[in-house]
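Below: one structure, written as structure tokens.
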Amino acid sequence: MSVTKILSIVFLIISLGLAWYLGSSIKHSIDERKLIAQRENAIIEKLKLIREAEIVFQEVNGNYTSDWNKLIDFIKNGEVPIIEKKETIITLDYGADSVVVEFDTLEIIPAKERIFRQSHSVLAANDGVFRGFELSVGQMAEQGNVAYRLLQSGKVVEHKFKESGEVTNTQPIQSGQRLTKGDLLMTLVETKFDPNTNLDRLMFVPGYENVQFEIYADEVTKGNVQVDVIEVRNTKPFDPNRSESNDATNKKPLRFGSRTDVTTAGNWE
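Residues in the sequence shown are numbered from 1 upward in steps of one, following the UniProt record's numbering.
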């Protein structure tokens, strides 16, 4: 075998090896990014649940909490009043208006129901003549699908759902009945979080056995007013590019809230 042929074979083997190495490296990089995205999505969902629980806790108790046991107990055993606010404008004898505000407790519901589920009211989008619902009680509504039909200016118009959820109530409206913009038509209930979530592990970062979220809750002074602040963050990010030293907030470890500002926004939003 000539030297030229031997060199050709050697170069071919080297080329194949390099091609395999490059392909393998690219695949590994893609797989790693997919894994990071999956794990971060799980962390974001957990942070959203914690955020919602803290918001409801603050509504009921007047402050946030940095005590995981208190927060978990509130989700499991707490109660939340559903309050309706009514404003009545009264014209006084001398012509000025006085506003009387009344608060009425409609019902008391479990905290978990308030945190895990959200009600959406479907209102008439315009004046018109009712031509029927697309779904009935017990069926699932999908955002963007047809909700109901109205006859408007001689034309039947399909109006779509703005949210998703289970239809839990429809108003007793007959086809041919005239509606006014803003009339309540139906109610949806959306399940925001997995009801089977293990609440006893609320404080743990998904993907790790014993890594906890760092939680901070306190009162700070803003403009001579005491306000509540809350921050919850992941102290051990899966993405090696996430660091507290990054200037861009969305490149820091996943978190919501702030220790200095009145916000519950997440840095993934």
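The beta carbon of each residue, even a glycine, is placed where N, CA and C say it ideally should be.
The beta carbons of V137 and T91 sit no closer together than 8 Å. Only residues of its own chain outside the window of five on either side were considered, and among them E219, V220, T221 and V262 have a CB closer than 8 Å to the CB of V227, listed in chain order. Here the alpha carbons of F161 and A217 stand approximately 37 Å from one another.
When DSSP states are grouped into helix, strand and coil, A217 belongs to the strand group.
In the structure shown, E40 falls within a helical segment according to DSSP collapsed to helix, strand and coil. By the Cβ rule, the segment 199–212 does not count as touching the segment 177–190, because fewer than three pairs are nearer than 8 Å. An exposed status is given to L35, since fewer than 16 other beta-carbon atoms sit within 10 Å of its beta-carbon.
Cβ neighbours of N126 within its own chain (closer than 7 Å, five residues either side excluded): L150, Q152 and K181. Nearest neighbour of D73 by Cα position, chosen from L47, G207 and E54, turns out to be E54. Where N210 is concerned, there is no enclosing beta strand (DSSP E), because DSSP gives it neither an H nor an E.
For N241, the three-state secondary structure derived from DSSP is coil. By the criterion of a C-beta distance shorter than 7 Å, Q58 is surrounded in its chain by Y64 and D228, once the five residues flanking it on both sides are discounted. Put simply, the backbone Cα of L123 is about 19 Å away from that of K155.
In the assembly as shown, P237 is a buried residue. Its beta-carbon has 16 or more other beta-carbons within 10 Å.
G132 has its alpha-carbon roughly 12 Å from the corresponding atom of L179. Short of 8 Å from the beta carbon of E142, and not among the five residues preceding or following it, lie these beta carbons of its own chain, in chain order: F161 and S164. Residue range V146 to Q152 is occupied by the beta strand (DSSP E) that includes A147. Taken atom to atom, the span from the alpha-carbon of K48 to that of A42 is near 10 Å.
The beta carbon of I50 sits closer than 6 Å to the beta carbons of V232 from its chain, once the five residues preceding and following it are set aside; these are given in chain order.
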